[in-house]
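In the working numbering, the protein residues as written are 600 to 665.
Quick reminder that beta carbons are idealized off the backbone N, C-alpha and C, glycines included.
All values derive from a computational prediction rather than experimental measurement.
Okay, so here's the structure we're looking at.
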């Protein structure tokens with residue numbers, strides 16, 4: 600589990616260094632996306648989903664999950 604956290608922090612630093620903006624971990628600052636994640640669990644339907652990072656580029660949304 601420690602390696603996974605280290606990898607997540609490494610990816611965050613890469614995103615930041617690339618100037619791709621702020622990516623809040625395990626959620627989103629966008630109200631509609633945050634609401635959608637409340638029922639986006641892959642393991643238990645209707646439970647909260649926690650992607651490592653979410654991001655937008657113009658009008659495109661992406662969620663990175665393991």
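Residue i to residue j, Cα distance in whole Å?
i	j	result
residue 631	residue 646	16 angstroms
residue 657	residue 607	24 angstroms
residue 628	residue 643	23 angstroms
residue 633	residue 641	16 angstroms
So if DSSP puts residue i in a beta bridge, which residue, or which two residues, is it bridged to?
i	result
residue 644	Note: residue 644 sits in no beta bridge, so no partner.
residue 623	In the DSSP output, where bridge partners are listed per residue, residue 623 has none listed.
The alpha helix (DSSP H) spanning residue i covers which residue range?
i	result
residue 632	630–636
Tell me the DSSP secondary structure of residue i in three-state form.
i	result
residue 639	coil
residue 611	helix
* Indicate whether the contact test is met: 3 or more Cβ pairs, each with one atom in the region 638–657 and one in the region 621–630, closer than 8 angstroms. => These segments touch.
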